Amino acid sequence: MDCRNEIAVVHNGIIENYDYLKLKLEKDGHVFKSETDTEVLAHLIEKYFHGNLESAVMEALKVVEGTYGIAVISSRDPQKIVAARRGSPLILGIGNQEYFITSDVSASLAHTRDVVYLDDNEVAILTKNGYETKTVQNVSTYKKVEEVLWNIDMIEKGGYAHFMLKEIHEQPQALRNAMRGRIDFTDGTITLGGLISREKELLETKRIVVVACGTSWHAGIVTEYMMEELLRIPVEVEYASEFRYRNPVIESNTLVIAISQSGETADTLAAMREAKHKGAKVLSICNVVGSTIAREADCGIYLHIGPEIGVASTKAFTAQITVLYLFAMHLMRLRNILTQSLPDMAQHIKSIPEKIQSILQREGEIVEIARRYKDTEHALYLGRGYNYPVALEGALKLKEISYIHAEGYPAAEMKHGPIALITKDMPVIFIATQDSVYAKVLSNIEEVKSRSGKVIAIATEGDGHIAGKVDHVFYIPKTSDVLTPLLSVIPLQLLAYHMAVMRGCNVDKPRNLAKSVTVE
Ligand code: F6R
92 MDCRNEIAVV HNGIIENYDY LKLKLEKDGH VFKSETDTEV LAHLIEKYFH
142 GNLESAVMEA LKVVEGTYGI AVISSRDPQK IVAARRGSPL ILGIGNQEYF
192 ITSDVSASLA HTRDVVYLDD NEVAILTKNG YETKTVQNVS TYKKVEEVLW
242 NIDMIEKGGY AHFMLKEIHE QPQALRNAMR GRIDFTDGTI TLGGLISREK
292 ELLETKRIVV VACGTSWHAG IVTEYMMEEL LRIPVEVEYA SEFRYRNPVI
342 ESNTLVIAIS QSGETADTLA AMREAKHKGA KVLSICNVVG STIAREADCG
392 IYLHIGPEIG VASTKAFTAQ ITVLYLFAMH LMRLRNILTQ SLPDMAQHIK
442 SIPEKIQSIL QREGEIVEIA RRYKDTEHAL YLGRGYNYPV ALEGALKLKE
492 ISYIHAEGYP AAEMKHGPIA LITKDMPVIF IATQDSVYAK VLSNIEEVKS
542 RSGKVIAIAT EGDGHIAGKV DHVFYIPKTS DVLTPLLSVI PLQLLAYHMA
592 VMRGCNVDKP RNLAKSVTVE
């Protein structure tokens, strides 16, 4: 047969059996112009086309393995767009006599706030007379039109040079929004709408497993330390990509917490499905309302911090920790565990936004440090206890936006290998706040200094001791140990940002990265 160039496809996802399909299509006479898996879809739809585009798309999708969010047009069935999804997000924006097919609600926000979330194996057929939705098996479905609560101001830079900088500076307000209406600051009572009528399951929980990726995984480690300290429940944190393929042991009294800003990360979604399949209850911690993870979880807590657009996650990290702290307080009351006073805990979290604000006001000090080290090719981040995940997060921020090689380690692990990297030029960033492991961290600093390393310390205000031991200090206000990451991560976000900008990097869109990773 002749390929007639009459089908055009936009595709987000990965067609896993594309090799096999391509071979078969080539045998049938189809001629390929590219190496992409997407082109297979166009030829496949062409193969099944007999005058009606949606029928061809449905037939084609039956033999496709993998993930896709697609939009298809054909000059032989014009005036029609057919969209479909499996495993990749797909949203239909409903405008005024116009429609938008997107993979993220913020993409159509400038035109409409009314959206329809397509489910897996669903197809939408759009014509000038309206739209209809069906399953790939051609059974009609009914979809509710939902209103997105974000507005257009939230997806603009508001005078900042980059979204990342705007989002770093938004954190005080973002955390207030994440707490709004959820906490009684006098007695520490927590109200989380998404958990109403879940008391029985929460009381029966014997073990918590957190699944997440990247920055959300770092928030998961903070959660592990926090939940084990406050609730005395065993917690494990798993990379979602590992968890999903290793046949994990899950019992019915395991609560799985899936943390995902976008709510669309393919590995986290698959890990969550695997856990549900094995009988666990799943709690989602998402920012994007209506996202797949949020919809498929048994219950959830939204961050309510507005869209995060910069590819490097900042405000989502601090908001994830904030809502998980509220969740821990909720469980403490429910299970009558009084490891700490709930009113005191409430007062500590109440003061966090103001303390972040005071750090942001001293951004100039970080700019100076960034200027001093912007040309380094390597950096090491070290912390212990609650600041260990912050060290990982600081290193991730730096490497992903500035392309400087950076590693994060628990400070005491340094002597088991990374200490060999210490030179007089490489900056070693210690998070050395005055918490329960402060003295230990100080001795780790001495180990670096005695090898002529350059040390930048993030320390607690009022620490009169540390300045004499390190090359640079940035002070942060005192808070409770569990909440320290909410403060100690802020200078590290700023440091990464300014070093990247000074190196001429595109911080909002770093190379090779996407905001939501919808492929595995
Ligand atoms: C790093 C970053 C990524 C994401 C990861 C998970 O700055 O943004 O590491 O944290 O891709 O994304 P979500 O939270 O959307 O599941």
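The letter at position 196 of the sequence shown is residue 287 when you use the numbering used here, and the numbering goes up by one with no holes.
Glycine is no exception: its CB is placed at the ideal position from the N, C-alpha and C atoms.
On a predicted model such as this, the values are computed, not experimentally measured, just so you know.
task = Classify Ala-605 as buried or exposed, calling it buried when 16 or more other Cβ atoms lie within 10 Å of its own Cβ.
result = Position 514 of the sequence shown, counted from the first residue, corresponds to residue 605. With fewer than 16 other Cβ atoms from the protein chains shown falling within 10 Å of its own Cβ, Ala-605 counts as exposed.
key: Where Ile-287 falls, given that 16 or more other Cβ within 10 Å makes a residue buried   = Along the sequence shown, one-based indexing puts residue 287 at 196. Exposed, because fewer than 16 other Cβ atoms sit within 10 Å of the Cβ of Ile-287.
message = In the DSSP output, which residue or residues are listed as bridge partners for Asn-103?
response = For the purposes of this step, residue 103 is identified with residue 12 of the sequence shown, where counting begins at 1. Asn-103 pairs with Gly-160.
query = For the ligand NAD, any of its heavy atoms closer than 7 Å to the Cβ of Ala-403?
reply = For the ligand NAD, the structure offers nothing, since it holds only the ligand F6R.
request  = Evaluate the contact criterion for the segment 296 to 304 versus the segment 347 to 360: three or more CB pairs, one atom per stretch, below 8 Å.
outcome  = Output reads yes: the segment 347 to 360 touches the segment 296 to 304.
query = How many Å lie between Thr-226 and Trp-241 at the Cα?
reply = The count along the sequence shown starts at 1 and reaches residue 226 at position 135. The count along the sequence shown starts at 1 and reaches residue 241 at position 150. When rounded, the distance between both Cα atoms is 29 Å.
Bounding residues of the beta strand (DSSP E) (the contiguous stretch that carries Lys-235) = Here residue 235 is taken as the residue at index 144 of the sequence shown, counted from 1. Here Lys-235 belongs to no beta strand (DSSP E), and DSSP marks it neither H nor E.
inquiry  = On the DSSP bridge list, what partners appear for Ala-303?
reply    = What you label residue 303 is simply residue 212 of the sequence shown in a count that begins at 1. As a beta-bridge residue in DSSP terms, Ala-303 pairs with Tyr-330.
request  = Check Arg-542 in the structure and name its three-state DSSP category.
outcome  = Translated into the one-based positions of the sequence shown, residue 542 becomes position 451. Coil at Arg-542, not helix or strand.
message = Suppose the cutoff is 6 Å on Cβ atoms and the five residues either side in sequence are ignored; what does the same chain contact list for Pro-582 look like?
response = Start at 1 with the first residue of the sequence shown, and residue 582 comes out as number 491. Counting only Cβ-Cβ distances below 6 Å, and skipping sequence neighbours, we find Ile-457, Ile-549, Phe-565.
key: Exposure label - Asn-597; buried when at least 16 CB within 10 Å   = Here residue 597 corresponds to residue number 506 of the sequence shown, with the count starting at 1. With fewer than 16 Cβ atoms within 10 Å of its Cβ, Asn-597 is classed as exposed.
request  = Please list, in chain order, all residues of the same chain as Ile-289 whose beta carbon is under 7 Å from its beta carbon, the five residues on each side excluded.
outcome  = One-based indexing of the sequence shown puts residue 289 at position 198. Note that residue 289 is Arg in the sequence shown, not Ile. Excluding five sequence positions before and after Arg-289, the CB atoms of its chain that fall closer than 7 Å to its own CB belong to Cys-390, given in chain order.
message = Using only the alpha-carbon positions, how far apart do Val-206 and Glu-130 sit?
response = To locate residue 206, count along the sequence shown from 1; it is residue 115. To locate residue 130, count along the sequence shown from 1; it is residue 39. CA-CA distance, Val-206 to Glu-130, rounds to 28 Å.
ask   = Using the rule of at least 16 other Cβ atoms within 10 Å of the residue's Cβ for burial, across every protein chain shown, is Phe-140 buried or exposed?
value = Translated into positions along the sequence shown, residue 140 becomes position 49. With 16 or more other Cβ atoms inside 10 Å of its own Cβ, Phe-140 counts as buried.
task = Taking 8 Å as the cut-off, decide whether the C-beta atoms of Gly-476 and Asp-572 are in contact.
result = Start at 1 with the first residue of the sequence shown, and residue 476 comes out as number 385. Start at 1 with the first residue of the sequence shown, and residue 572 comes out as number 481. It is a contact, given that the beta carbons lie within the stated cut-off.
inquiry  = Let me check one thing: in DSSP terms, what residues is Arg-298 bridge-paired to?
reply    = Along the sequence shown, one-based indexing puts residue 298 at 207. Per DSSP, the beta-bridge partners of Arg-298 are Thr-345.
inquiry  = For a quick check, are the C-beta atoms of Lys-219 and Gln-170 less than 8 Å apart?
reply    = For the purposes of this step, residue 219 is taken as the residue at position 128 of the sequence shown. For the purposes of this step, residue 170 is taken as the residue at position 79 of the sequence shown. The Cβ-Cβ distance between Lys-219 and Gln-170 falls below 8 Å.
message = Taking its Cβ as the centre, do 16 or more other Cβ atoms sit within 10 Å of Arg-177, making it buried, or is it exposed?
response = The residue you call residue 177 lines up with position 86 of the sequence shown. Per the 10 Å Cβ criterion, buried.
Neighbourhood of Arg-335 by C-beta, 6 Å cutoff - its chain only, sequence neighbours within 5 removed = In the sequence shown, residue 335 corresponds to position 244, counting from 1. The answer, listed in chain order, is Ala-361, Ala-362, Glu-365.
Arg-594 to Glu-454 span [Cα, whole Å] = Sequence index remark: in the sequence shown, residue 594 carries index 503 (1-based). Sequence index remark: in the sequence shown, residue 454 carries index 363 (1-based). Roughly 18 Å separates the two Cα atoms.
query = Given Thr-467, which residues of its chain have a CB within under 8 Å of its CB, disregarding the five upstream and five downstream residues?
reply = Here the question's residue 467 lines up with position 376 in the sequence shown. Cβ contact annotation for Thr-467 (same chain, cutoff 8 Å, sequence separation greater than five): Ile-495, Asp-516, Met-517, Pro-518, in chain order.
For Phe-521, the first and last residue of its enclosing beta strand (DSSP E) = Here residue 521 is taken as the residue at index 430 of the sequence shown, counted from 1. Counting along the chain, the beta strand (DSSP E) containing Phe-521 begins and ends at 518 to 523.
Proximity test, Thr-359 beta-carbon vs the ligand F6R heavy atom, cut-off 7 Å = On the sequence shown, position 268 is the one that residue 359 refers to. A distance criterion of 7 Å places the beta-carbon of Thr-359 in contact range of the ligand F6R, judged by its closest non-hydrogen atom.
Supposed close pair Gly-370, Ile-341 - CB separation, criterion 8 Å = Locating residue 370 in the sequence shown gives position 279, counting from the first residue. Locating residue 341 in the sequence shown gives position 250, counting from the first residue. Right, their Cβ atoms sit about 7 Å apart.
ask   = Which runs of the beta strand (DSSP E) spanning at least 3 residues fall entirely within the segment 412 to 456, listed in chain order?
value = Listed in chain order, there is nothing to give.
key: Glu-213 - DSSP class collapsed to helix/strand/coil   = Start at 1 with the first residue of the sequence shown, and residue 213 comes out as number 122. In this structure, Glu-213 counts as strand in the three-state DSSP scheme.
query = For Arg-462, which of helix, strand or coil comes out of DSSP?
reply = Residue 462 sits at position 371 when you count from the first residue of the sequence shown. The answer is helix: DSSP assigns Arg-462 an H, G or I state.
query = With 16 other CB atoms within 10 Å as the buried threshold, where does Arg-273 fall?
reply = Within the sequence shown, numbered from 1, the residue matching residue 273 stands at position 182. The C-beta of Arg-273 has 16 or more other C-beta atoms within 10 Å across all chains shown, which makes the residue buried.
key: Three-state class that DSSP yields for Tyr-566 in the structure shown   = Start at 1 with the first residue of the sequence shown, and residue 566 comes out as number 475. Strand at Tyr-566.
task = Give the secondary structure of Tyr-190 by DSSP, where H, G and I count as helix, E and B as strand, and everything else as coil.
result = The sequence position of residue 190 within the sequence shown is 99, counting from 1. DSSP, read as helix, strand or coil, puts Tyr-190 in strand.
query = Going by beta carbon distance, what residues of the same chain come within less than 6 Å of His-121, once the five residues before and after it are set aside?
reply = Here residue 121 refers to the residue found at position 30 of the sequence shown. If the five residues before and after His-121 are omitted, its C-beta is found closer than 6 Å to the C-beta atoms of Cys-94, His-134, all from its own chain and listed in chain order.
inquiry  = Just to confirm the assignment, what range does the alpha helix (DSSP H) spanning Asp-128 have?
reply    = For the purposes of this step, residue 128 is identified with residue 37 of the sequence shown, where counting begins at 1. For Asp-128, the enclosing alpha helix (DSSP H) stretches over residues 128 to 139.
Rounded separation between Ala-198 and Thr-405 - CA only = For the purposes of this step, residue 198 is identified with residue 107 of the sequence shown, where counting begins at 1. For the purposes of this step, residue 405 is identified with residue 314 of the sequence shown, where counting begins at 1. Approximately 20 Å, taken between the alpha carbons.
ask   = Could you give the distance in angstroms between the alpha-carbon of Arg-271 and the alpha-carbon of Glu-258?
value = Along the sequence shown, one-based indexing puts residue 271 at 180. Along the sequence shown, one-based indexing puts residue 258 at 167. Computed Cα separation, rounded: 19 Å.
key: 8 Å Cβ cutoff met for Met-318 and Val-326   = As a first step, residue 318 must be located in the sequence shown, where it is residue number 227. As a first step, residue 326 must be located in the sequence shown, where it is residue number 235. Taking the C-beta atoms as reference points, Val-326 is found nearer than 8 Å to Met-318.
query = Using the beta-carbon count (16 or more within 10 Å), is Asp-358 buried or exposed?
reply = Translated into the one-based positions of the sequence shown, residue 358 becomes position 267. Asp-358 counts as buried, since at least 16 other C-beta atoms from the protein chains shown sit within 10 angstroms of its C-beta.
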